[in-house]
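In our numbering, the protein residues as written are 41 to 390.
In this text, a Cβ means the ideal position worked out from N, Cα and C, and glycines have one as well.
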Ligand code: ADP
Ligand code: MG
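Here you go:
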């Protein structure tokens, strides 16, 4: 901004004296010419004065010309910066594979993710392999920083893997059409983004083919938002305001669940979807989640036992690797990291 301000100030400061000088020169030339002519052909004083007055009236428009330069230089500077930003945004490569609805078979093969190119730094995921069958639900637990979020962010390609393979339905993610790939996932995370739009538009987000109000209603009720909806002055058309700041944490989360229900994607990703909720709204969110998980391939990052227990399989991660996997009882019996996390209470290990 400073550079831009300097540029435009310099340009306008240079323009004003420059145009005034030019105007003065031109005017002097014309007056000299007029004087020289009148001395030869005997013109009257009156016509000379009229001539000079007309010339003086030209000064104002010329001065206005100098004001044009300022917005132009500002515009050019902004354009330059805009083009620079466009250059910096990497192109997202998209493949050709498309399908209406994925089966939901997910395979990670020796996946490695490094956020920094530095080879000494520990990778966020370190040669991790995992298979999740269609319709299966898997809970990911582990200490903070163990790579759970990174693992699930690989699937919609929010994060790129640096080595190994990630496949959906046996097709590598790079070969999927990106928009089509992202249609296969519904995501409920801790930070739910809400737009400053109506309730209905927020639930039906990303479905440009027209808004089905009845379906929005069904989804909101399924997410236990029916009573809340009844209190809204304009029902579905009530504006939520900037990032829905008037909603409580539990309401926002249930709205996100309603959104996921509306999307009806074959694969569901829940990243700490029940964190920071009070007991009452947690119970409601849990019920809504159970409905949402039905019949979908689900990856849950959770730190509440009630969510974890409901899953078919529990995968315990530490430092970007899988250290244990199994069901709740066998993992407890094994007395490893899971047993320690369980005894400490999951709530302390987001
Ligand atoms: P979890 O969700 O299990 O707490 P994350 O997947 O968020 O763990 O993080 C795993 C590791 O990767 C952490 O060490 C974290 O610091 C690092 N990490 C996560 N996201 C980024 C990022 N965008 N840039 C750099 N490092 C990151
Ligand atoms: Mg995380």
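Distance from the CA of residue 240 to the CA of residue 142, rounded to the nearest whole angstrom, comes to 26 Å. Within the region 346–378, the complete beta strand (DSSP E) runs of at least 3 residues fall at 353–358 and 361–366. A distance filter of 5 Å between CB atoms and the heavy atoms of the ligand ADP selects the following residues in sequence order: 155, 164, 184, 185, 186, 187, 188, 189 and 190. In this model, residue 99 and residue 63 are separated by some 7 Å (Cα to Cα). Taken through DSSP and simplified to helix, strand or coil, residue 110 comes out as helix. Using a C-beta cut-off of 8 Å, the region 197–215 makes no contact with the region 242–250, since fewer than three inter-stretch Cβ pairs fall below that distance. The distance from the Cβ of residue 243 to that of residue 280 is about 10 Å, inconsistent with a contact at the 8 Å cut-off.
Comparing C-alpha distances from residue 366 to each of 171, 65 and 226 shows the shortest one belongs to 171.
With a cutoff of 7 Å on beta-carbon distance, residue 198 and residue 168 are scored as not near each other. Shortest Cα-Cα distance from residue 253 to any of 264, 277 and 112 involves 277. A distance below 8 Å between beta-carbons, with the five flanking residues on each side excluded, links residue 136 to the following residues of its chain, in chain order: 215 and 217. Taken in chain order, the complete beta strand (DSSP E) segments of 3 or more residues contained in the region 185–247 are 203–208 and 225–229. Three or more Cβ pairs drawn from the region 175–195 and the region 341–359 lie within less than 8 Å of each other, which places the two stretches in contact. Contact annotation: residue 337 and residue 144 have beta-carbon atoms nearer than 7 Å. Looking at the DSSP output, residue 249 shares a beta bridge with no other residue. In the displayed model, residue 381 falls within a helix according to three-state DSSP. Residue 226 and residue 158 have their C-alpha atoms roughly 33 Å apart. Between residue 327 and residue 230, the C-beta spacing is not below 7 Å. By the C-beta density criterion, residue 163 is buried, having at least 16 other C-beta atoms within 10 angstroms. The secondary-structure analysis by DSSP pairs residue 137 across a beta bridge with 216. Runs of the beta strand (DSSP E) lying entirely within the region 64–103 and spanning at least 3 residues: none are present.
The bridge partners DSSP lists for residue 179 are 340 and 354. For the options 188, 87, 118 and 75, the alpha carbon positioned closest to that of residue 152 is the one of 188. Between the beta-carbon of residue 154 and that of residue 190 there is about 10 Å, and that puts the pair past the 8 Å contact cut.
Taking the Cα of residue 72 as reference, the smallest distance to any Cα among 58, 269, 55 and 92 is reached at 92.
It is roughly 16 Å from the alpha-carbon of residue 103 to the alpha-carbon of residue 68.
When secondary structure is reduced to three states using DSSP, residue 147 falls in the strand class.
Distance from the Cα of residue 90 is smallest, within the candidate group 74, 297, 233 and 273, for 74. Cβ contact annotation for residue 193 (same chain, cutoff 8 Å, sequence separation greater than five): 199, in chain order. Of the residues 234, 224, 298 and 274, the one whose Cα lies closest to the Cα of residue 257 is 298. The closest CA to that of residue 219, considering only 263, 134 and 128, is found on 134.
In summary, residue 106 is buried, with 16 or more beta-carbon neighbours lying within 10 Å of its beta-carbon over all protein chains present. The secondary-structure analysis by DSSP pairs residue 171 across a beta bridge with 147.
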